[in-house]
Every structure is written in structure tokens, then in C-alpha cells.
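Under my numbering, the sequence shown has 108 at position 113, and the numbering climbs by one with no breaks. The beta carbon of each residue, even a glycine, is placed where N, CA and C say it ideally should be. Just so it is clear, the structure is predicted and the values come from calculations on it, not from any experiment. Here is the structure we will look at, set down as C-alpha cells.
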Amino acid sequence: MDQDTAQKLRLFYITSIFSIAFAMLGFTYNAWRMEVTEDNSNIRTAAFEVLLQLSQLQQNIYAAHYDKNTQEGNPRKAWVTVGLVVDMSVFISPDVQAQAIILNTRWSESWSVVAEDEKVVKELILQIDEVRFRINTALRNLQ
-4 MDQDTAQKLR LFYITSIFSI AFAMLGFTYN AWRMEVTEDN SNIRTAAFEV LLQLSQLQQN
56 IYAAHYDKNT QEGNPRKAWV TVGLVVDMSV FISPDVQAQA IILNTRWSES WSVVAEDEKV
116 VKELILQIDE VRFRINTALR NLQ
């Protein structure tokens, strides 16, 4: 084999190795990016669902307290809503989950007096707002 052919072969091998390395690097980055995008999508979906459920809970509390409407302000509906908020909060962030658990605790301690006690209503609404704030923070911090 002459010198020219050996040099061409060496250049071919080096080019092949770099091509494979760049292809693997690109594939690895693409797989990582797709995983992050999927995680972000799941977090967004859970966050929007929890925000909807929080507004439904707030409406339930207002109906029970201000309107004295036992159908729209039914505590059993609110229990389901609070449970769903806690269940879905796991998919958003630990902060949201912690605040949702606090909301669940406050609801379990005070659901029976929501219709009569203004202070309890304000505390529950403040806790709902805290969960919302944590959700908004989690959404802003997505990659």
C-alpha cells in the first residue's frame, strides 16, 4: 500500500469515527430532550387540571358559605375535588404536593363549618391561593 492510499484510508477512518461520535451525541441529546419535553408536558397537564379543580373547590366553598346552596356547595363534591388536587399534585412538584396536603388537612378539619364560619372560608381560600402560587412557580421553572 502506498503512502497516498494509507493517508486517504486514515482520513476515511477518522471521518467515520467522528461521524459515529457526532451521531451518538446527537441521538443522546435528542432522547434526553424528548424525555424532558414529555416530563414538562405531564407537569403542565397536571398543573392545569389542578388549577381547574381548585377553582371548582373555591366555587363550592363560596356556594356553601355565601349562597347557602346545599347542591352547589355540597361538601361531598368538595371532598372529591380536594382528593383529586392531592392526587394530581404529586405530578407537579414537592412544594405543590406539600401545599395540597395542607389544603386537605384544613378542609378535613373545617368542612363542617364552611357554611357558617367566615374565618374558615378565608383560611381555605388563602390555602387555595397558596397552592395556585406554588403551581405557577413550578410552571415558570420548567426547563
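Query: Cα-Cα separation, residue 108 to residue 95; Result: 20 Å
Query: As assigned by DSSP and simplified to three states, the class of residue -1; Result: helix
Query: 7 Å CB neighbourhood of residue 114 in its chain, flanking five on each side removed; Result: none
Query: Contact under 9 Å by Cβ, residue 130 with residue 46; Result: yes
Query: Local conformation of residue 111 per DSSP, three classes; Result: coil
Query: Boundaries of the alpha helix (DSSP H) in which residue 84 is found, first to last residue; Result: 70 to 84
Query: Residue 123 and residue 87 closer than 9 Å at C-beta; Result: no
Query: Inter-residue spacing [alpha-carbon to alpha-carbon] between residue 41 and residue 81; Result: 11 Å
Query: Residue nearest to residue 43 in terms of C-alpha spacing, selected from 102, 83 and 136; Result: 83
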